[in-house]
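Visitor:
Numbering (the numbering used here), first residue to last: 97 to 272.
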């Protein structure tokens, strides 16, 4: 066997071993994105265990704090949760005294949302732990890689924002 054939054979062997260790689906973006979402959600849920703060409530509370006076419909769009479930989450946060609703004076059918002082206090207390989970999640990357990874994810999300609607992929969009 010539040296070239040995190199090609060794290269094929390495590739076969690598493929056995990492099946082809580990290179499929949709699979990786879904897995990463599952991992990220589990990491935050684990960190918040015992806090009576499910990840979905944390997401809603975070958006409300960052956008005081956001209306409930806009909130549903931002967190990509259908309006019914968003309403349920706001109900739960309101029952805990973390969020308050008030009627929009311009349109009495619209609920405006804001954090209560207790909501701000809870966010301030839990925020370092939430940030630490994100830091831990990305700890396998170098700092420059983290920035690049976030930039690339942001670009993909921005380019495909039209698909970020509740139920997308589970039901057909309404025809107009």
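Don't be surprised by glycine CBs; every beta carbon is placed ideally from N, CA and C.
Looking at the structure shown, is residue 166 part of a helix, part of a strand, or coil, going by DSSP?
Guide: The answer is strand: DSSP assigns residue 166 an E or B state.
Visitor: Rounded to whole angstroms, what is the Cα-Cα separation between residue 229 and residue 202?
Guide: Their Cα atoms are separated by approximately 40 Å.
Visitor: How big is the Cα-Cα spacing for residue 216 and residue 172?
Guide: If I take the Cα positions, the gap works out to 20 Å.
Visitor: Taking only runs of the alpha helix (DSSP H) that begin and end inside the region 110-149, which ones reach a length of at least 4 residues, in chain order?
Guide: Taking only runs of at least 4 residues, the alpha helix (DSSP H) segments lying wholly in the region 110-149 are 125-143.
Visitor: Report the rounded CA-to-CA distance for residue 136 versus residue 205, giving the unit in angstroms.
Guide: Their Cα atoms are separated by approximately 36 Å.
Visitor: Going by CA-CA distance only, name the one from 141, 170, 163, 164 that's closest to residue 154.
Guide: Among 141, 170, 163, 164, the Cα nearest to that of residue 154 is on 141.
Visitor: Take residue 188 and list the residues in its own chain whose beta-carbon comes closer than 8 Å to its own, dropping the five residues that flank it on each side.
Guide: Around residue 188: 153.
Visitor: So residue 195 packs on residue 160, CB below 8 Å; how close in whole Å?
Guide: Between residue 160 and residue 195 the Cβ distance is about 6 Å, and since that is below 8 Å, they are a contact.
Visitor: Can you give the Cα-Cα distance for residue 179 and residue 169, rounded to whole angstroms?
Guide: Distance between the alpha carbons of residue 179 and residue 169: 6 Å.
Visitor: Check residue 238 in the structure and name its three-state DSSP category.
Guide: Coil.
Visitor: If you reduce the DSSP assignment to three classes, tell me which class residue 198 lands in.
Guide: Correct three-state label for residue 198: strand.
Visitor: Mark residue 253 as exposed unless 16 or more other C-beta atoms lie within 10 angstroms of its C-beta, in which case mark it buried.
Guide: Exposed.
Visitor: Taking the beta carbon of residue 211 as the centre, do at least 16 other beta carbons fall within 10 Å, making it buried, or is it exposed?
Guide: Classification of residue 211: buried, given that the 10 Å Cβ count is 16 or more.
Visitor: Could you compute how far the alpha carbon of residue 124 sits from the alpha carbon of residue 139?
Guide: Rounded to whole angstroms, residue 124 to residue 139 spans 22 Å at the Cα level.
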